[in-house]
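A.B. asks: Note that the protein sequences, when read in sequence, are chains H and R.
Under our numbering, the first residue of the first sequence carries the number 12, and numbering increases by one thereafter.
Under our numbering, the first residue of the second sequence carries the number 12, and numbering increases by one thereafter.
2 protein chains.
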Amino acid sequence: MTTIAGIDPRTGAALAPVAHVTTTEEVARLTAAADAAATDLRRLGRLFRADLLDALAGAVEERRDDLIRTASQETGFNDAKLGGELTRTVFQFRFFADVVRDGGYLEATVDPASDTPMGPRPDLRRMLVPIGPVAVFGASNFPFAFSVLGGDTASAIAAGSPIIVKAHSSHPATSQLSFEILRDAAAAVCSPAGTFGIVFGTRAGADLVADASIKAVGFTGSLNGGKALLEVIGTRSEPIPFYGELSSINPVIVTPGAAAERGADIGRGLIASITTGSGQLCTKPGLVLVPAGADGDRLVEAARSAVAGVPAQTLLNERIYTTYSEDTVAVGRSREIRQVGTGRPAGEGFSVAAKLFETTVEALGDGVIDEIFGPVTVVVRFSADSTTTSVTRALDTLSHSLTATLHTGPEESDLTRELTAVVEPRAGRVIYNGFPTGVAVSWAQTHGGPWPSTNSIHTSVGATAIRRFLRPITFQDAPESVLPEELRDNCTQIPRRIDGVLRVAD
Amino acid sequence: MTTIAGIDPRTGAALAPVAHVTTTEEVARLTAAADAAATDLRRLGRLFRADLLDALAGAVEERRDDLIRTASQETGFNDAKLGGELTRTVFQFRFFADVVRDGGYLEATVDPASDTPMGPRPDLRRMLVPIGPVAVFGASNFPFAFSVLGGDTASAIAAGSPIIVKAHSSHPATSQLSFEILRDAAAAVCSPAGTFGIVFGTRAGADLVADASIKAVGFTGSLNGGKALLEVIGTRSEPIPFYGELSSINPVIVTPGAAAERGADIGRGLIASITTGSGQLCTKPGLVLVPAGADGDRLVEAARSAVAGVPAQTLLNERIYTTYSEDTVAVGRSREIRQVGTGRPAGEGFSVAAKLFETTVEALGDGVIDEIFGPVTVVVRFSADSTTTSVTRALDTLSHSLTATLHTGPEESDLTRELTAVVEPRAGRVIYNGFPTGVAVSWAQTHGGPWPSTNSIHTSVGATAIRRFLRPITFQDAPESVLPEELRDNCTQIPRRIDGVLRVAD
Numbered sequence: 012m013t014t015i016a017g018i019d020p021r022t023g024a025a026l027a028p029v030a031h032v033t034t035t036e037e038v039a040r041l042t043a044a045a046d047a048a049a050t051d052l053r054r055l056g057r058l059f060r061a062d063l064l065d066a067l068a069g070a071v072e073e074r075r076d077d078l079i080r081t082a083s084q085e086t087g088f089n090d091a092k093l094g095g096e097l098t099r100t101v102f103q104f105r106f107f108a109d110v111v112r113d114g115g116y117l118e119a120t121v122d123p124a125s126d127t128p129m130g131p132r133p134d135l136r137r138m139l140v141p142i143g144p145v146a147v148f149g150a151s152n153f154p155f156a157f158s159v160l161g162g163d164t165a166s167a168i169a170a171g172s173p174i175i176v177k178a179h180s181s182h183p184a185t186s187q188l189s190f191e192i193l194r195d196a197a198a199a200v201c202s203p204a205g206t207f208g209i210v211f212g213t214r215a216g217a218d219l220v221a222d223a224s225i226k227a228v229g230f231t232g233s234l235n236g237g238k239a240l241l242e243v244i245g246t247r248s249e250p251i252p253f254y255g256e257l258s259s260i261n262p263v264i265v266t267p268g269a270a271a272e273r274g275a276d277i278g279r280g281l282i283a284s285i286t287t288g289s290g291q292l293c294t295k296p297g298l299v300l301v302p303a304g305a306d307g308d309r310l311v312e313a314a315r316s317a318v319a320g321v322p323a324q325t326l327l328n329e330r331i332y333t334t335y336s337e338d339t340v341a342v343g344r345s346r347e348i349r350q351v352g353t354g355r356p357a358g359e360g361f362s363v364a365a366k367l368f369e370t371t372v373e374a375l376g377d378g379v380i381d382e383i384f385g386p387v388t389v390v391v392r393f394s395a396d397s398t399t400t401s402v403t404r405a406l407d408t409l410s411h412s413l414t415a416t417l418h419t420g421p422e423e424s425d426l427t428r429e430l431t432a433v434v435e436p437r438a439g440r441v442i443y444n445g446f447p448t449g450v451a452v453s454w455a456q457t458h459g460g461p462w463p464s465t466n467s468i469h470t471s472v473g474a475t476a477i478r479r480f481l482r483p484i485t486f487q488d489a490p491e492s493v494l495p496e497e498l499r500d501n502c503t504q505i506p507r508r509i510d511g512v513l514r515v516a517d
Numbered sequence: 012m013t014t015i016a017g018i019d020p021r022t023g024a025a026l027a028p029v030a031h032v033t034t035t036e037e038v039a040r041l042t043a044a045a046d047a048a049a050t051d052l053r054r055l056g057r058l059f060r061a062d063l064l065d066a067l068a069g070a071v072e073e074r075r076d077d078l079i080r081t082a083s084q085e086t087g088f089n090d091a092k093l094g095g096e097l098t099r100t101v102f103q104f105r106f107f108a109d110v111v112r113d114g115g116y117l118e119a120t121v122d123p124a125s126d127t128p129m130g131p132r133p134d135l136r137r138m139l140v141p142i143g144p145v146a147v148f149g150a151s152n153f154p155f156a157f158s159v160l161g162g163d164t165a166s167a168i169a170a171g172s173p174i175i176v177k178a179h180s181s182h183p184a185t186s187q188l189s190f191e192i193l194r195d196a197a198a199a200v201c202s203p204a205g206t207f208g209i210v211f212g213t214r215a216g217a218d219l220v221a222d223a224s225i226k227a228v229g230f231t232g233s234l235n236g237g238k239a240l241l242e243v244i245g246t247r248s249e250p251i252p253f254y255g256e257l258s259s260i261n262p263v264i265v266t267p268g269a270a271a272e273r274g275a276d277i278g279r280g281l282i283a284s285i286t287t288g289s290g291q292l293c294t295k296p297g298l299v300l301v302p303a304g305a306d307g308d309r310l311v312e313a314a315r316s317a318v319a320g321v322p323a324q325t326l327l328n329e330r331i332y333t334t335y336s337e338d339t340v341a342v343g344r345s346r347e348i349r350q351v352g353t354g355r356p357a358g359e360g361f362s363v364a365a366k367l368f369e370t371t372v373e374a375l376g377d378g379v380i381d382e383i384f385g386p387v388t389v390v391v392r393f394s395a396d397s398t399t400t401s402v403t404r405a406l407d408t409l410s411h412s413l414t415a416t417l418h419t420g421p422e423e424s425d426l427t428r429e430l431t432a433v434v435e436p437r438a439g440r441v442i443y444n445g446f447p448t449g450v451a452v453s454w455a456q457t458h459g460g461p462w463p464s465t466n467s468i469h470t471s472v473g474a475t476a477i478r479r480f481l482r483p484i485t486f487q488d489a490p491e492s493v494l495p496e497e498l499r500d501n502c503t504q505i506p507r508r509i510d511g512v513l514r515v516a517d
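1. Which residues in the same chain as Arg315 of chain R place their Cβ atom closer than 7 Å to its Cβ, once the five residues preceding and following it in sequence are excluded?
2. Can you pull out the residues from the region 428 to 439 of chain R whose beta carbon lies closer than 7 Å to at least one beta carbon of chain H?
3. Compare the Cα-Cα distances from Met138 of chain H to each of R:Ile509, R:Leu52 and R:Gly439 and report the closest residue.
4. Less than 8 Å between the C-beta atoms of Thr408 of chain H and Val379 of chain H, yes or no?
5. Could you tell me which uninterrupted alpha helix (DSSP H) segments, each at least 4 residues in length, are contained entirely in the region 228 to 267 of chain H, listed from first to last along the chain?
6. Measuring straight from C-alpha to C-alpha, what distance separates Arg309 of chain H and Pro267 of chain H?
7. Among R:Ser189, R:Asp65 and R:Asp218, whose alpha-carbon lies nearest the alpha-carbon of Thr246 of chain R?
8. Specify, as a first and last residue, the run of the alpha helix (DSSP H) that Leu310 of chain R falls within.
9. For Arg499 of chain H, tell me which candidate among H:Leu93, H:Asp134 and H:Ile192 has the shortest Cα-Cα distance.
10. Helix, strand or coil for Val301 of chain H? Go by DSSP, reduced to three states.
11. From the DSSP output, in three-state form, read off Lys92 of chain R for me.
12. For Tyr443 of chain H, which residues does DSSP report across the bridge?
13. Just mark Gly459 of chain R as buried or exposed, buried being the case when its beta carbon has 16 or more other beta carbons within 10 Å.
14. So is Ser142 of chain R in contact with chain H if we call contact Cβ pairs under 8 Å?
15. Quick one: which chain R residues come within Cβ less than 9 Å of Glu359 of chain H?
16. Taking only beta-carbon positions, decide if Val515 of chain R is within less than 8 Å of chain H.
17. How big is the Cα-Cα spacing for Leu257 of chain H and Leu234 of chain H?
18. Just how far apart, CA to CA, sit Leu52 of chain H and Asp163 of chain R?
19. Which one or two residues does DSSP pair with Ser362 of chain R in a beta bridge?
20. Tell whether a beta-carbon distance below 8 Å holds between Asn261 of chain H and Pro506 of chain H.
21. So which residues on chain H does Val121 of chain R lean against when the C-beta distance must stay under 7 Å?
22. Along the chain, which unbroken stretches of the beta strand (DSSP E) at least 3 residues long are found entirely within the region 376 to 418 of chain H?
23. Please determine whether the Cβ atom of Asp51 of chain H lies at a distance below 7 Å from any heavy atom of the ligand ATP.
24. Using C-beta distances below 7 Å, list every residue in its chain close to Leu481 of chain R, excluding the 5 sequence neighbours before and after it, in chain order.
25. Check the Cβ-Cβ distances between Tyr5 of chain R and every residue of chain H, and say whether any is below 8 Å.
26. Taking the runs of the beta strand (DSSP E) that are 3 residues or longer, which of them lie wholly in the region 45 to 127 of chain H?
27. Please confirm whether Tyr443 of chain H has its beta-carbon closer than 8 Å to some beta-carbon of chain R.
28. Spell out whether any CB of chain R is found under 8 Å from the CB atom of Arg508 of chain H.
29. Please list, in chain order, all residues of the same chain as Thr81 of chain H whose beta carbon is under 6 Å from its beta carbon, the five residues on each side excluded.
30. Which residue or residues does DSSP assign as beta-bridge partners of Glu369 of chain H?
31. Quick check: what's the CA-CA separation for Gly449 of chain R versus Thr294 of chain R?
32. Roughly how far, in whole angstroms, is the beta-carbon of Val402 of chain H from the beta-carbon of Leu430 of chain H, given that I think they are within contact range, below 8 Å?
33. Leaving out five residues on either side along the sequence, give the residues of the same chain with a beta carbon under 7 Å from the beta carbon of Asn152 of chain H.
34. Please list the residues of the region 247 to 270 of chain R that have a C-beta atom closer than 7 Å to any C-beta atom in chain H, keeping them in chain order.
35. Compare the beta carbon distance of Ser362 of chain H and Gln324 of chain H with 8 Å and say whether it is the shorter of the two.
36. Answer with buried or exposed for Arg57 of chain H, where buried requires no fewer than 16 other C-beta atoms within 10 angstroms of its C-beta.
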């Protein structure tokens, strides 16, 4: 039986085995258990799931030190990053408990029987119900927030869907420990046995996605990984939704006014943003449009000076390390792009130096700038007397992104409006005078965008992430006794639309 | 240039040509115009679109007689069916105008900047925005309600997405006339030129779906047609959502109590339901579970007697006519299934006799009962002392459906609850003591269900059909002046969630 073990990225040494590769038969047993759990979870109801989410939050918090220690060894992330991520994860479980209690996500709607211009209308009552068992693929770069304990898990459980996680090979011990914490906390509140499952190995992940019991897939990872899973879905007799968060360049645009007002601050902020999580964030700015001229020069100089002080950054695994090393060398060799700054030299293991490159809008073309995971960005200079044209031209050479960021000056309302119109079709979140790294878990968040940043019209972070794992059902002229509680006449605890009029909860 | 012409299904004779097959170059021009219109429509805003929808309703109503005359000749439907469908279509445009004015569909959400357990949160404002140009495939069986004038068109325009319709070959003149009415009404209120487009021919439909400007596809048609378009989408570099409404058997379950109380009424109602629209409805009951014994016999006898009085039914086109003829002969030849009733004999053109078949649960197996378009259904008898087991066994041999219907008796609350749990995972709408044909356009409607009835977690009828053509966007720390009206501080005309609390419009 092939064993699964992590690697210490600080040294490159293999760690102790933590599991074995999940067999096809084991996957089938797990999905059968998830199927059974789906029915039982449904019966236990919405408020049970809210309490379950709170219990998961508490259990994770209780094991904070173990989790951080385990993840630190496997990922090379420092304790501050891991601690923040764990806090976010615990918050996220509690947040989704609130979302479930609020009940607005159910979109409960009651159309009483009536006469309409179309003729008599029966009594119709609609709400969203769980889609069924969900497969979640953990990401390398967020061992907590986008893995076993992450947003896909929290939102699927909130929806009422059991989940089976494919553990990421960069942190198998963290994944296994996370799974055990969830499983035990769920058992303690008598959640069905198949509420949580975990599998290890690429083949097991493909088996999972192909399994008839799985009704949706949540994936955070590479474009190629996403495409491979989409191909597996193509072989199913029943197609299922695939929610992939795949690839993002996250352009940052600095206007002439912003460069004049605070170029140096923006330059320093940029380097802080591209080195968060060693630059291994799907929202890392990969391209920064800066005006030519003295104000822009000050921005670049501040960034160069800031990056010079950045210590060597440890990357997550050999693949990311190799890709970063090769891609940054390739970019640096290009005639049109020059390296203008570098961090402190790399040390042992998967450690690298941060890099800052510079080029001009004229040098851009399709595919010249692609996503590079790690602490690197490319500054692109443009002529300040044609900002909107230059920005449009630059963005036209890029793939669409999760985010777009505008740094604008105080006297640039018209330009800000123009640039907003340019970036809006190309991103799912538009940030003003800040940086895209850092994705708050909240009601209004969107973490999703046009292809290839995602392939979905939904978000994977924030309250509405729950919608991915729900489907609508309508009961027509149903007797009160068979209706879900939330659709009965006397339910006033949740927002509902009644005869076309939205009403808030009592 | 190959011309496009309909066929009179009452005689089988070709009608006058109405258009030519749209070329690849023409498709490209139409999508470019739709792309330009998307930006302009966005700028015109939400209330403009509400007025546009009202204008479309008025223009269609004004041309009622022309539309019905044209559609009658091409489809063989009687004026009552066509008139009802047109009324529904006009109502639907006005309904979506109300949905747009209500504004709840925007899911407007404001999270003011604040401190959270995760740290400081920026100001985040989320709403749904149009996805971009949409391709709509008209259905054969609803020349108005699911074609150029139909629900996909109304909901996409409501969302703010220009549309290009692929006209169905069963009613090209109706499609062309419908398009002209929409185009002229839109022009009269100064909607952008590319708001509506139309194409003719299978190749043009594939070109449309492959075009980079098209951002979603709405399709009502056959499983094979849907699969063919999904394959075209698979060849795109950017995947897009495909909302297919494909195939549905729509089981009806009659409990022992219902058969005892009103078996004969149910039998008569069943025949009325399967002959609505000559049985060419995606919600037509294709299988009816009826208890063995005298009460069930009375139901079958009433159905047999009712079907005997059903006049010959004209089907839409040669393909449906041939498939109906072949499939009903094949079912009738099966050893285990016997024909128990038939309507009046077929006449000329694509006319057929209605058919009633009967078998037992024991004779069912995977694929024995599939969807047959047209006025036919199969009664399946089961032992009354094992209702839930028999029903489950029967449904396990069927594909999932848009609808499931329960006829239950007054003393059967427990059984009704049990059967609800059995059918709920297999359908998108559950009807009690009625029939599934007839789909009201309303806030709470769901017209969608598990594969292969649809491949979507959304509905194609009802207010929430609009969600298919929208994507979320979040503005972070945006200056008020760049925000859409609906996200500004002082907007109180629509429901919004502010800092987690849902508020209704003023």
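The C-beta atom is built at its ideal place from N, Cα and C for all residues, glycine as well.
C.D. replies: A quick look at the data gives this:
1. Only Val351, Gly352 and Leu367 meet the Cβ criterion.
2. Hits within the stretch, in order: Arg428, Thr431, Glu435 and Gly439.
3. Nearest C-alpha to Met138 of chain H: R:Gly439.
4. Yes, the pair counts as a contact, with Cβ atoms nearer than the cut-off.
5. You should have 234 to 245.
6. Separation of Arg309 of chain H and Pro267 of chain H (C-alpha to C-alpha, rounded to the nearest whole angstrom) is 12 Å.
7. Comparing Cα-Cα distances from Thr246 of chain R to each of R:Ser189, R:Asp65 and R:Asp218, the minimum goes to R:Asp218.
8. Note, Leu310 of chain R: alpha helix (DSSP H), Ala305 to Ala319.
9. Checked all of H:Leu93, H:Asp134 and H:Ile192; the closest Cα to Arg499 of chain H is H:Asp134.
10. If DSSP states are grouped into helix, strand and coil, Val301 of chain H belongs with the strands.
11. The answer is helix: DSSP assigns Lys92 of chain R an H, G or I state.
12. Under DSSP, Tyr443 of chain H forms a beta bridge with H:Leu417.
13. When all chains shown are included, Gly459 of chain R counts as buried.
14. Here residue 142 of chain R turns out to be Ile, not Ser, going by the sequence shown. Nearest CB-CB separation between Ile142 of chain R and chain H: below the 8 Å threshold.
15. Under the 9 Å cutoff, chain R gives no residues; its nearest Cβ is about 32 Å from Glu359 of chain H.
16. The beta-carbon of Val515 of chain R is placed less than 8 Å from the nearest beta-carbon of chain H.
17. Per the coordinates, the alpha-carbon of Leu257 of chain H lies some 5 Å from the alpha-carbon of Leu234 of chain H.
18. So the two alpha carbons sit approximately 35 Å from each other.
19. In DSSP, Ser362 of chain R forms a bridge with R:Thr325.
20. No, Cβ-Cβ distance for Asn261 of chain H and Pro506 of chain H is not below 8 Å.
21. For Val121 of chain R, the residues of chain H that pass the 7 Å Cβ criterion are Ala455, in the order they occur in the chain.
22. Within the region 376 to 418 of chain H, the complete beta strand (DSSP E) segments of 3 residues or longer fall at 387 to 393 and 414 to 418, listed in chain order.
23. Although the ligand ATP was asked about, the structure shown includes no ligands whatsoever.
24. Here the set comprises Leu139, Val140, Pro141, Ile142 and Ala170.
25. Limits of chain R in this structure are 12 at one end and 517 at the other, which puts residue 5 of chain R out of reach.
26. Within the region 45 to 127 of chain H, the runs of beta strand (DSSP E) at least 3 residues long that lie entirely inside it are, in chain order, 120 to 122 and 125 to 127.
27. Cβ-Cβ to chain R under 8 Å: yes for Tyr443 of chain H.
28. Flagged as an interface residue toward chain R: Arg508 of chain H, by a C-beta distance shorter than 8 Å.
29. Ala184, Thr185 and Leu188, listed in sequence order.
30. According to DSSP, Glu369 of chain H bridges with H:Arg349 and H:Val390.
31. Between Gly449 of chain R and Thr294 of chain R, the alpha-carbon positions lie close to 8 Å from each other.
32. Between the beta-carbon of Val402 of chain H and that of Leu430 of chain H there is about 6 Å, and that keeps the pair under the 8 Å contact cut.
33. Gly288, Gln291, Leu292 and Leu327.
34. Within the region 247 to 270 of chain R, the residues whose Cβ lies closer than 7 Å to some Cβ of chain H are Glu249, Pro250 and Pro252, listed in chain order.
35. Inclusion of Ser362 of chain H and Gln324 of chain H in the CB contact set at 8 Å is warranted, their separation being smaller than that value.
36. It counts as buried.
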